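Residue numbers (the working numbering): 1045 to 1545. We put the CB at the ideal spot given by N, CA and C, even for glycine. Remember, it's a predicted structure, so these values are computed and weren't measured experimentally. The next block holds one structure in the form of structure tokens; read it before the comments.
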RNA sequence: GACCCGUUCGUCUAGCGGUCAGGACAUCGCCCUUUCACGGCGGUAACACGGGUUCGAUUCCCGUACGGGUCGCCA
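Right under this line is the structure:
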């Protein structure tokens, strides 16, 4: 059996978005599982809309997700000569013809629509392709004379194209429903459908796994394969990923919130995002894993199969305006699961990057204070869903002094609620200052006996202290927090809190 | 509009003729915590509709509705 070769072929007209990433992932999983080759090809034939910046964005996205390719990146624009050569070959063999219709006459969309519709109803393209049967000699002569023309593929008027899609099953289409597509523009520029076929042939692609929006193109492409006398690869079309509005996800409409780099920048763990993406439109064999959601990269490779991709589109929820739930909540949850469960040694570097970005990383975190910081991160990660949380919500735990924000609602709820705290908190600080051991037990008994002495509920002090120490109303168990913040900072912040009341 | 495709809880999904229609996220309630967005337990919630086929349809067939995709000298 020949080796499986698949490719991911994005056009660099935008960054890598969620849909593209999933296509890349499925190709990659398939290749890895089958021991095949995964090829990256940048479809940049439309030079006007392509840019190096976008290519860079795609490359970065792939790298971040760990979707390594075995060959490439190839650039489609490097193969223009081969595309033209193929067009010439098609012209020679009679599978294509020159169309001398002036560009302007074709560009009127309304006219075009009208004619195309009439053509379909008639069943046969009438005078719409006036040059389709132009004698070769005349065609050559006019071309030699420099008359502008495009090269069109001569779609057979009879018959149909068929293929079996790995996802959608049997697909048939009457040839007469297909238009004579342009292969070469009048400026000699090759067009998409020709380019993909030529490149896929040259690169020995055995399986084409791409979005369902290409389902119609596939029929045209099959015709080109046949005209070129080449074997047709196996196709697998993926269902689309929809925006919350249920329309196709698009970079233009939905913005950077659907770009892979946004997920990186907003604190996703690549493994978690990969896991989430894999489960969008695909599920492992339920006989094995019916009630599981978390799968490692290795497990995904092992379990993946094209025939378990399903046909219906999936909605991907995001809401840029919502700070807490800016993207699909399940994705966020899953990220939290990874943050919680991954080995702390793997988490630390990721957190470090985040803290550096926020300007709160200190070299000592890796030396003298290494154990302490690891412990703090270990404490915090149980309730965080994103790496950025360590730099925002985690900030009070990591910075010295008072260099963080006190949330107004927390202050109102836990500090200002009872004015007696204004005197109690500094007194508690004094009490803590006397402790020789500053651990869970000693701080707890100190606080509780202090509360008893003063005749107040321990909860009042616990709540007050939480906000005094972290500016927040929520967090890990209070005595864990005390230990994490440490004696010195605890005293300082308790005293300072009095001024907030 | 034409041609394709799809339709199981709000969302992601399991299901491939007989299930109390399962899981996850979200949501709600309870417990734990004299704090909490941790944790534990539990609940609400779905087979789009109408016809067939069948002893029996979420599962098979046909319509309808709704949703989506494609109809470039873009990719």
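| Asked | Found |
| --- | --- |
| How should residue 1379 be labelled, buried or exposed, when 16 other C-beta atoms within 10 angstroms of its C-beta is the threshold for buried? | buried |
| Can you tell me which of the three DSSP states residue 1172 falls into? | coil |
| What residue from 1499, 1444, 1396, 1198 has the CA that sits closest to residue 1533's CA? | 1444 |
| Spatial neighbours of residue 1306 within its chain, please: C-beta separation below 6 Å, excluding the five flanking residues on both sides. | 1300 |
| Anyone know if the C-beta pair for residue 1120 and residue 1246 falls short of 8 Å? | no |
| How far does the alpha helix (DSSP H) with residue 1117 in it extend, from its first residue to its last? | Taken as a continuous stretch (DSSP letters only), residue 1117 belongs to no alpha helix (DSSP H), being part of the beta strand (DSSP E) at 1115-1119. |
| What runs of the alpha helix (DSSP H), each 4 residues or longer, lie entirely inside the region 1480-1517? | 1484-1498, 1502-1514 |
| Report the start-end ranges of each beta strand (DSSP E) in the region 1233-1298 that is 3 residues or longer and not cut off at the edges. | 1251-1255, 1278-1282 |
| Within 10 Å of its beta-carbon, does residue 1453 have 16 or more other beta-carbons around it, so buried, or fewer, so exposed? | exposed |
| Buried or exposed: residue 1067, going by 16 or more other Cβ atoms within 10 Å of its Cβ? | buried |
| Tell me which same chain residues have a C-beta within less than 8 Å of the C-beta of residue 1191, skipping the five on either side of it? | 1144 |
| Identify the residues that DSSP records as bridge partners of residue 1218: which are they? | 1204 |
| What's the call for residue 1507, buried or exposed, on a 16-neighbour Cβ count within 10 Å? | buried |
| Could you give the distance in angstroms between the alpha-carbon of residue 1072 and the alpha-carbon of residue 1400? | 32 Å |
| Could you say which of 1105, 1332, 1327, 1049 lies nearest to residue 1358 if we only look at CA atoms? | 1327 |
| Take residue 1123 and list the residues in its own chain whose beta-carbon comes closer than 8 Å to its own, dropping the five residues that flank it on each side. | 1239, 1242, 1243, 1246 |
| Taking Cβ positions, are residue 1085 and residue 1056 nearer each other than 8 Å? | no |
| Which same chain residues end up closer than 8 Å to residue 1540 when comparing Cβ atoms and leaving out the 5 residues on each side of it in sequence? | 1446, 1512 |
| Mark residue 997 as exposed unless 16 or more other C-beta atoms lie within 10 angstroms of its C-beta, in which case mark it buried. | Outside the shown range of the chain, which is 1045 to 1545, sits residue 997, and nothing can be said about it. |
| Give me, in chain order, the residues of the same chain whose beta-carbon lies closer than 7 Å to that of residue 1222; leave out the 5 immediate sequence neighbours on both sides. | 1199, 1263, 1264 |
| DSSP on residue 1058, reduced to helix/strand/coil? | coil |
| Taking residue 1113 as the reference, give the member of 1052, 1461, 1193, 1060 with the closest Cα. | 1052 |
| Per DSSP, residue 1527 is paired with what? | Looking at the DSSP assignment, residue 1527 forms no beta bridge with any residue, so it has no partner. |
| Roughly how far, in whole angstroms, is the beta-carbon of residue 1268 from the beta-carbon of residue 1197, given that I think they are within contact range, below 8 Å? | 7 Å |
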